[in-house]
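Data block below; observations after.
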Amino acid sequence: MSEVIFEVKNLQKWFPVKRSLGQLLRGQRTWVRAVDGVSFQIKKGEIFGLIGESGCGKTTTGKLIMKLMDPTGGQMLYRGQDVTHLSPEALQAYKREVQMIFQDPYASMNPRFRIREVLTEPLVIHRLGGNEQEKLALAADALTKVKLTPPSDFLDRFSHMLSGGQRQRVATARTLILSPRFIVADEPVSMVDLSTRAELLHMMKEIQQDLDLTYLYITHDLSTARYFTDRIAVMYLGRIVEMGPAGELIDHPLHPYTRALIAAVPEPVPGRVNVIKEIPIKGEIPSAAQIPAGCRFHPRCLFATDECRNLPEPELVQAEPEHLVACRRYKEL
Amino acid sequence: MKLKDLRETLRDFWGEFRKVRYGMVGLVMFGLFLLIVILEPVLIPFPETGRRWRDITYWEDNPKNAAPVWVNWFTRKDYTPQAVLDKPEISERKAANTQMVEAVFTYNYKYDLPPIDLLLRATGKGLLNLAVHLERPDGLSIELTKKSIRLSGEAPVRLSLDKEASGAVGDFLKTYEDPDVLRGVSIFTVKPVEVFFARAEPGILRNPVPLKGEYRIKLTCVAVGSGAFLKEPALTVAGRVFGLMGTDASKRDIWSGVIAGTKWALLIGLLTSAVAVIIGVFYGVTSAYFGGAVDLVMMRIYEVFQSIPLLPVMIVVSAVFKPSIWTMILMMCAFFWVGSVRTVRSMGLQIKEEIYVEAAHALGASRGRIIFKHMLPQVIPYAFASMALQVPVSIVYEASVSLLGLGDATIVTWGQILHDAMQGGAVLQGIWWWIIPPGLFIALMGMTFAFVGFAMDTILNPKLRTR
Amino acid sequence: MEKLAIKNIKLHYFTSKGVIRALDGVSFDLRAGETLGVVGESGCGKTTLGTALLNMPTPPGRIVAGEILFDGLDILKLNEDELRKQIRWEKIAMVFQGAMNCLTPVYTIRKQMMETILTHRKMTKQEAEERIIKYLNLVGLSADVLRRYPHELSGGMKQRIVIATALFLEPQVVICDEPTTALDVVVQAQIINLLKQLKEQLKLSFIFITHDLATEAEVADRIMVMYAGKVVEIGTNEQIYGPQRAAHPYTQLLMAATPRLRQKVDQLAFIPGTPPDLLAPPAGCRFHLRCPQVMERCRQEEPPLVEVEPAHTVACWRCGHE
Ligand SMILES: Nc1ncnc2c1ncn2[C@@H]1O[C@H](COP(=O)(O)OP(=O)(O)O)[C@@H](O)[C@H]1O
Ligand code: SF4
Ligand code: SF4
Ligand SMILES: [Mg+2]
């Protein structure tokens, strides 16, 4: 359980911003620092949650791991091997073991493909699975794993003939067909109806246990993260501000940002209607092109001091065993 | 296995296609055009239309600028239609060095406006002494002409009785028409055939009353000399209305021209648009997929091609080389591919950003696979529509080049017919049957492909498709 | 006192594929000064209900039956002109789903707000501007945003602008369709706080549409649960979320499927299958194909809405039919 399958060290991805003429002449360059020094380790067999508001850089982190774009800086290690830059052959081998489930299952499948084509595509790409018949058998097998049975009912359909939940199951089946070890799931249930969301998460968890998989679960939704993940990392403006076991992090948050997030989440219990809820945070999230100096959270933090503003950014430090936080003042709060 | 898949896909596609009504209309129209091409030999009365479209002797028996036969349905007075009488009663006698042939043609005249000519054709050899008599329903018999011809070898004989009978008509008129009227008329302006199909009574020149009934035209020939003969006599009644679509100023049968032009229109349209669109789609998708410098260079090349006007180039090429349909198709392919590039490229740029393309990248798909499996198929519906629209454009371009007289002289195309109509002043003279048939066929062929193209678009594009 | 009384409203979409019964006999009241929450899965007819209350169905939709009484006046009997002068935006306003993303990108906020107000009211630009600023302040924005373009504003600010615009003509009832769905959780909480404040200050009645039961618990005095074009349960916040739990099997399952942040849940519930096709809804109870408590009667007869206790009505053969 403690073997690290994936490690990210100080990962960075900066996107250039289009410059105005004045900036061009003055030689100025600005960057959107979408991912700005992210480090974490994912252990084999765990579900690791990456949480944050839209624009905080979690999807970009996922895409970097999927090698859909090249990082600006930092290092990525998969099973102890550096995968930051890979030769074409090594990249193909990597892509067999690391798979992704996208947020919108409909958009992530070619609308012209039948499910059989969707599912056999990975096999065709990697020249695996033998002849046509054997490939189809593997596809049927994957459908059985995601509980779309009997598979023959689904193989010849197009994705638009499926419900949202069924589509996301097919998307999951597609990632399973290459027998991966590590799956990046970017908001896999956010477009699925509430009534089937739990069913889908349950299935994903079962598969994870049966096949000994590791998930990186990317979401903005703290509640499903608590339900689904083992550990959670909270991202704010391109950086991880707190990381720890899911229950512990949510029941005893240390970082002021995590506290605000948790306070804001509604809960289906009575007696809250006429109460104006305290949300311990100021203002709105700044643009990733203008990340504040010092602690990047300080303009919104209710506990910010001059130190927070002027001293270098606080690093992630161990507060409890397994529970890390990047705040100077977490002990006082 | 693969073949079975393909069959299944096609069957599914057909199942869907059948439900799109205008698609079926287009398909039926396409079928009709194909049928026309296949049945061409049966459909056209002039089998050598294709080869001899520009040979005036091939068409000389036809009337000039004659309207289609069916205008008689709409006019109060019926015009005589063209008729060929090639089965006369023949009696033949032979003596030493002489052959005597008598051929009697029976013609039932039941129209209001007479034929413009009677044309006798035969094949003969040696010295031929010919006489032609006309026996009218009212019992009058007129000797139209008497003539000797000497043919050194076997050769065709052609007599225009309208010309030959100018002497006979004078006598005839003197007998029946009012002398006062005759005095004011030059005999050279009289059309003999018109006179002979009218009642023999005063007023025959000014207000002729048609004499309906059975006419007999009797040809007598005495062929003198060893080996002299006359055979295969035939009589053409040159009408005022002609065939299904009339004739043009060069006496050509427009129906035959239009039908013979169908195969060329299909060839020009389909081949040009298919090749051009295939090139364009590949070009656009490639440019979009690679982006960056590749895109930049490809787009510059595209712009160069796009800014060269095709027509002058085609004219120059056609003028320098012998104009041929194949060079024309080649030229059009070389330039028409630009037509679809811009749209395809922007579609490609859009598809490139689709999440399923990203998903394919994540799975490790190669460039080729992404272009061929994910991008091209999305563009195909557009390609079909584009092809459908390109078909009439190609036909019109061919016509434009033909308009300058630089068309392929060995074939007949709709464009050439239209071109001749413009040149012949068909619009000014109101010879609508010269313009409408080729124009209509061009439009119908355009519609055929547009219907099929749009129907395919609805089927292949799942966003438009409902469950 | 009832502000709105909706009686057996039916709104159908007449599409080429057939008639979609998006609202099939919906009845409820909205009391003055309360927030009525409307919950249900996507496609159950929530947005359609909002358009019906403005008598503004989206083509090819048509209201085919029912009454909508606003202070006793049936707005379905009014003609288009009367509706515009008396009801729409004047008395009943709606914040449409995704409206914040539909601000015109090429105009400043001032121009867009000005246009809205001047098409409805005769007033000088000066007066209009004053009124705009008053409402901007009310939703927590400064006059500063007026010269901005939509892309310069955050999602929360845009949503506030859309809300301010809906309030211009001083309506008494405001329908909010998924006003927080596309927003991040912090902004979501801020908007919810804002709506609560506005309700107090302006004595508004709200209809708050969302698919999220947890959000609804924060805002709604009473909750109406919809399923496949029908109302299945209406109850007070306490009756739905309280310890004695909601009564309808669908509400119960939805509740059990909602993940909780503040407690560890081992196994969330889910509802097998998918909501029915509204082109051909099943006979009997519309939920019977997915209901774990289904009985023979459910497949035959449609359960009526009956009062099981004061203020609590349920449409299920297992509730109140002993
Ligand atoms: N391809 C790109 N070009 C420029 N900016 C980008 C690009 N992708 C993401 N960003 C920016 O990076 C930041 C983080 O985005 P993203 O990774 O999508 O976050 P999240 O997944 O949390 O929504 C945002 O400010 C976004 O605008
Ligand atoms: S370091 Fe300071 S500003 Fe940053 S989160 Fe902690 S208290 Fe707030
Ligand atoms: S009526 Fe029957 S099927 Fe419907 S919810 Fe009640 S128990 Fe379930
Ligand atoms: Mg995202």
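Residue numbers (our numbering), protein chains in the order written: chain A, 6 to 338; chain B, -14 to 452; chain C, 245 to 566. For glycine and all other residues, C-beta sits at the position ideal for the given N, C-alpha and C. A quick note: this is a predicted structure, and the numbers were derived from the prediction, not measured.
(Q) Only counting the same chain, and skipping five residues up and downstream in sequence, which positions put a Cβ closer than 8 Å to that of T352(C)? (A) L390, R391, R392 and Y393
Q) Between V270(A) and chain C, is there a C-beta pair that is closer than 7 Å? A) yes
Q | chain A contacts from the stretch 482 to 510 of chain C (Cβ-Cβ distance under 8 Å) | A | E482, I484, Y485, G486, L497, L498, M499, A501, T502, P503, R504, L505, R506, K508 and V509
Q) Which class does A88(B) belong to by DSSP, given the choice of helix, strand or coil? A) strand
Q) What does H359(B) touch in chain A if you count any residue whose Cβ is under 8 Å from its own? A) N115
Q. Chain C beta carbons: is any one of them nearer than 7 Å to that of V37(A)?
A. no
Q: From the DSSP output, in three-state form, read off N15(A) for me.
A: strand
(Q) Under 6 Å: does the beta carbon of F531(C) sit that close to some heavy atom of ligand 3? (A) yes
Q: Grab me the residues of I130(A)'s own chain with a C-beta within less than 7 Å of its C-beta, minus the 5 sequence neighbours each way, in chain order.
A: none
**Q.** Exposure label - H346(B); buried when at least 16 CB within 10 Å
**A.** buried
Q. Interface residues of chain B around R101(A) at Cβ under 8 Å?
A. G349
Q. Which chain A residues are close to I340(B), counting only those with a beta carbon under 7 Å from its beta carbon?
A. F107, D109, A112 and S113
Q) Does V151(A) come within less than 7 Å of chain C when only Cβ atoms are used? A) no
Q | Contact list for the stretch 366 to 399 of chain B against chain A, Cβ threshold 7 Å | A | none
Q. So, is the C-beta of I130(A) closer than 7 Å to a C-beta in chain B?
A. yes
**Q.** Within-7 Å CB hit, L199(A) to chain C
**A.** yes
Q. Using Cβ-Cβ distances below 9 Å, what residues of the stretch 432 to 443 of chain C are close to chain A?
A. Q432, A433, Q434, I436, N437, K440 and Q441
Q) Hey, how far is the Cα of D256(A) from the Cα of R506(C)? A) 7 Å
Q) Sorry if obvious, but does the Cβ on V538(C) come closer than 6 Å to a heavy atom of ligand 3? A) yes
Q: Per DSSP, which residues does K132(B) bridge with? Please list them.
A: L115(B)
(Q) For a minimum of 4 consecutive residues, which ranges assigned as the alpha helix (DSSP H) are wholly contained in the stretch 371 to 414 of chain B? (A) 399 to 408 and 411 to 414
Q) Of all the residues that make up the stretch 65 to 76 of chain A, which are near chain B by a beta-carbon distance shorter than 7 Å? A) M71 and L73
Q | Amino acids of chain A, ordered along the chain, whose beta-carbon sits closer than 7 Å to that of R354(B) | A | I130
Q. Do E489(C) and ligand 3 come close, with the Cβ less than 6 Å from some heavy atom?
A. One detail in the question is off: residue 489(C) reads as Arg in this sequence, not Glu. Checking every heavy atom of ligand 3 against the Cβ of R489(C), none is found closer than 6 Å.
Q: With ligand 2 as the reference, list in chain order each residue whose Cβ lies under 7 Å from any of its heavy atoms.
A: H260(A), P261(A), Y262(A), C300(A), F302(A), H303(A), C306(A), F308(A), A309(A), T310(A), C313(A), P319(A), C332(A), R333(A), R334(A) and Y335(A)
Q: Could you tell me whether the Cβ atoms of C306(A) and P319(A) are closer together than 7 Å?
A: no
Q: Compute the minimum distance between the beta carbon of P285(A) and the heavy atoms of ligand 3, and state whether it is under 6 Å.
A: no
Q) If you drop the 5 nearest sequence neighbours on each side, which residues of the same chain put their C-beta closer than 8 Å to that of V180(B)? A) V154, F157, L158, I189, L190 and P193
Q: Select from V558(C), E566(C) and M470(C) the residue whose C-alpha is nearest the C-alpha of C233(C).
A: Since the first residue shown for chain C is 245 and the last is 566, residue 233(C) is missing from the structure and cannot be characterised.
Q: Give a yes or no on whether the C-beta atoms belonging to F45(A) and A178(A) are separated by under 7 Å.
A: no
Q: Using DSSP bridges, identify the partner residues of G281(C).
A: F452(C) and I467(C)
Q: Say whether chain C places a C-beta atom closer than 7 Å to the C-beta of K287(A).
A: no
Q) Does the beta carbon of I52(A) sit closer than 7 Å to a beta carbon anywhere in chain C? A) no
(Q) Using a 10 Å radius around the Cβ and a threshold of 16 neighbouring Cβ atoms, would you call K100(A) buried or exposed? (A) buried
Q) By Cβ distance below 6 Å, which residues in the same chain neighbour F53(A) in space, the five residues on each side in sequence not counted? A) I47, L221 and R236
Q. So, does the CB of P250(A) fall closer than 7 Å to a CB anywhere in chain C?
A. no
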